[in-house]
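Undergrad: Okay, here's the structure, questions in a sec.
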Amino acid sequence: MMVSKSKALFAQAKTLIPGGVNSPVRAFRSVGGEPLFIDRGAGSRLWDVDGNEFIDYVGSWGPLVLGHAHPEVLAALAETMKKGLSFGAPIEMEIELARWINRLVPSMEMVRMVSSGTEATMSAIRVARGFTGRDKIIKFTGCYHGHADYLLVKAGSGATTLGAPDSPGVPEAFAALTLLCQYNNLAAVQEMVESNSGEVAAIIVEPVAGNMGVVAPGPGFLQGLRELCDKEGILLIFDEVMTGFRVSKGGAQELFHVEPDLTTLGKVIGGGMPVGAYGGRRDIMSQVSPAGNIYQAGTLSGNPMAMAAGIATLKVLDRPGFYEDLVQKTTWLKNEMQEALTKKGVPHSITSVGSMFGFYFAKEKVDSYETALKCDAALYGKYFREMLIRGIYMAPSAYEAAFMSAAHSEADLEKTALAFKESLNQIL
Ligand SMILES: *Cc1c(COP(=O)(O)O)cnc(C)c1O
17 MMVSKSKALF AQAKTLIPGG VNSPVRAFRS VGGEPLFIDR GAGSRLWDVD GNEFIDYVGS
77 WGPLVLGHAH PEVLAALAET MKKGLSFGAP IEMEIELARW INRLVPSMEM VRMVSSGTEA
137 TMSAIRVARG FTGRDKIIKF TGCYHGHADY LLVKAGSGAT TLGAPDSPGV PEAFAALTLL
197 CQYNNLAAVQ EMVESNSGEV AAIIVEPVAG NMGVVAPGPG FLQGLRELCD KEGILLIFDE
257 VMTGFRVSKG GAQELFHVEP DLTTLGKVIG GGMPVGAYGG RRDIMSQVSP AGNIYQAGTL
317 SGNPMAMAAG IATLKVLDRP GFYEDLVQKT TWLKNEMQEA LTKKGVPHSI TSVGSMFGFY
377 FAKEKVDSYE TALKCDAALY GKYFREMLIR GIYMAPSAYE AAFMSAAHSE ADLEKTALAF
437 KESLNQIL
């Protein structure tokens, strides 16, 4: 595979941008080699600047549930663009997108738009603290909620990939307000809540964890959190930045029948534009400024281009059969991978939820960050490189999810399954 243009660009980028990238995991550090610079995408395909073609399972890390450059999203953007890019004043499309969100995720009675997932979780935590008058929050090891100080504690994703779950620059005093529990360990949460009685504002959780690979919630885990929160006056925040419109139309809360008090969205909601949103119970969201006095603002929040891309995306994914098709394709590929791993006698743990899927080279079943860390990440790196040279673009980290899009064809899936088998043969 020729990558000379990517190599040259990366060398330039490193002199101007830290590590040559604007988000750490893009740098391919944990899988070896250097990142590819992308020229364009269409449907399920991606082309780098050297002209190499890939079937893409990263999908910009989740947003592209329709695939690249979907014609309806592009058309909506082209129309909107003609009228101007930003006003910093209300526009009708903000109501339209809020209405869509409320219809597909009914627990979000009121919603506030922001420009990233990080902003959404930061804001939701502030609202939870303001509403309850409490300071502490509980998060789970390996769950990533963006890069806000008090959330960057054992945070999975790029942080795990680079071996630095905690970051310099996060004051200890901030991190001290973040209490950590193990994912899928309800008893640990109960104990934590008891020993901090009356002090916990919120429990924030990825209802399907997607930033330490893919880890599904065990039976009763989310329900247990809901009951505990109700008993203790704690707000339950589902961070559905990744799972929203991804694991099902109404997100993980629809799939697992558990309603949080607050939900954060991002990724798919922007259809590839920078968007996030947070919302939930009317009595809580009514406390947000200027309706209430919990402050949160944004110059580009509710931006026309972002709203247009979001609305166009939701319109497409709302069509009959959209998720059935997506889930069926994901399940098919996951089964093919599972069968190949089993045939080869490779110890593994594999999961798919909706259109998210992932596997670990691991001897034990992975159900938490602690068990995920026992996987063979070096072997994943070898696997990643074998897939790449066969034209399959998987996440450049053992601790990230893969994403199916509506644009992936049967032929794409068959090609992927074949490349998977060949790659296993190469690395084992
Ligand atoms: C990606 C992600 C975020 C952060 O979103 P950004 O748009 O990258 O700031 C937060 N929470 C979860 C669960 C995510 O997957």
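In our numbering, each number is its position in the sequence shown, counted from 1, plus 16.
Glycine included, every Cβ here is placed at the ideal spot set by N, Cα and C.
(1) On the three-state DSSP scale, how would you describe valine 343?
(2) Leucine 434: which of Gly407, Phe419, Ala411 sits nearest, CA to CA?
(3) Mind checking whether methionine 138 and alanine 164 have CB atoms under 9 angstroms apart?
(4) With distances taken from CA atoms, which of Val257, Lys21, Pro320, Leu195 is nearest tyrosine 294?
(5) Report the option in Ile253, Arg262, Leu167, Val263 whose CA atom is closest to the CA atom of aspartate 277.
(6) For the beta strand (DSSP E) containing tyrosine 294, list its first residue and its last residue.
(7) Check leucine 330 in the structure and name its three-state DSSP category.
(8) Within the continuous alpha helix (DSSP H) that includes aspartate 246, where are the two ends?
(9) Measuring CB atoms only, is the stretch 267 to 286 touching the stretch 297 to 316, in the sense that at least three cross pairs come out at less than 8 angstroms?
(10) Let me know if alanine 105 comes out buried or exposed under the rule of 16 or more other beta-carbons within 10 Å of its beta-carbon.
(11) Examine ligand 1 and report whether any of its heavy atoms sits within less than 8 angstroms of the Cβ of tryptophan 63.
(12) Round the Cβ separation of proline 290 and alanine 322 to the nearest angstrom and send it over; I've been treating them as touching at under 8 angstroms.
(13) Under three-state DSSP, which class holds alanine 418?
(14) Return no unless some Cβ of chain C is closer than 9 angstroms to the Cβ of glutamine 206.
(15) When a residue counts only if its C-beta is closer than 5 angstroms to some heavy atom of ligand 1, which residues count, in chain order?
(16) Out of Leu395, Cys197, Leu168, which one is the CA nearest neighbour of proline 184?
(17) Quick check: the Cα distance between valine 65 and tyrosine 409, rounded to an integer number of angstroms?
(18) Which value, in whole angstroms, describes the spacing of the CA atoms of glycine 208 and leucine 195?
(19) Could you pull out every unbroken beta strand (DSSP E) segment of at least 3 residues lying fully inside the stretch 48 to 133, listed in chain order?
(20) Find the nearest neighbour of leucine 444 within the set Lys283, Asp392, Thr387, Gly326, judged by alpha-carbon distance.
(21) Pick from Phe26, Ala58, Gly78: whose alpha carbon is nearest that of glutamate 88?
TA: Concretely, from the data shown:
(1) Assignment of valine 343 by DSSP, reduced to helix, strand and coil, places it in the helix class.
(2) Closest by alpha carbon: Gly407.
(3) In this structure, alanine 164 lies closer than 9 angstroms to methionine 138 by Cβ.
(4) Selection Val257, Lys21, Pro320, Leu195 evaluated against tyrosine 294 yields Val257 as nearest (Cα-Cα).
(5) Out of Ile253, Arg262, Leu167, Val263, Ile253 has the C-alpha closest to the C-alpha of aspartate 277.
(6) Looking at the DSSP string, the run of the beta strand (DSSP E) that includes tyrosine 294 is 292 to 296.
(7) It is helical.
(8) For aspartate 246, the enclosing alpha helix (DSSP H) begins and ends at 237 to 248.
(9) Contact between the stretch 267 to 286 and the stretch 297 to 316 is established, with three or more Cβ pairs separated by less than 8 angstroms.
(10) With fewer than 16 other Cβ atoms within 10 Å, it is exposed.
(11) No.
(12) Between proline 290 and alanine 322 a beta carbon distance of about 6 angstroms is seen, short of the 8 angstroms cut, so the two are scored as contacting.
(13) Correct three-state label for alanine 418: strand.
(14) No chain C is part of this structure, which consists of one protein chain only.
(15) Residues flagged by the Cβ proximity filter: Ser132, Gly133, Thr134, His161, Gly162, Glu222, Asp255, Val257, Met258, Gly282.
(16) Checked all of Leu395, Cys197, Leu168; the closest Cα to proline 184 is Leu168.
(17) Distance from the CA atom of valine 65 to the CA atom of tyrosine 409, rounded to whole angstroms, is 15 angstroms.
(18) Position check: residue 208 holds methionine in this sequence, whereas glycine was assumed. For methionine 208 and leucine 195, the distance between alpha carbons rounds to 8 angstroms.
(19) Listed in chain order, the beta strand (DSSP E) runs fully inside the stretch 48 to 133 are 54 to 58, 61 to 64, 69 to 72, 126 to 130, counting runs of at least 3 residues.
(20) Each of Lys283, Asp392, Thr387, Gly326 was checked against the Cα of leucine 444, and the nearest Cα belongs to Asp392.
(21) Closest in alpha carbon position to glutamate 88, among Phe26, Ala58, Gly78, is Ala58.
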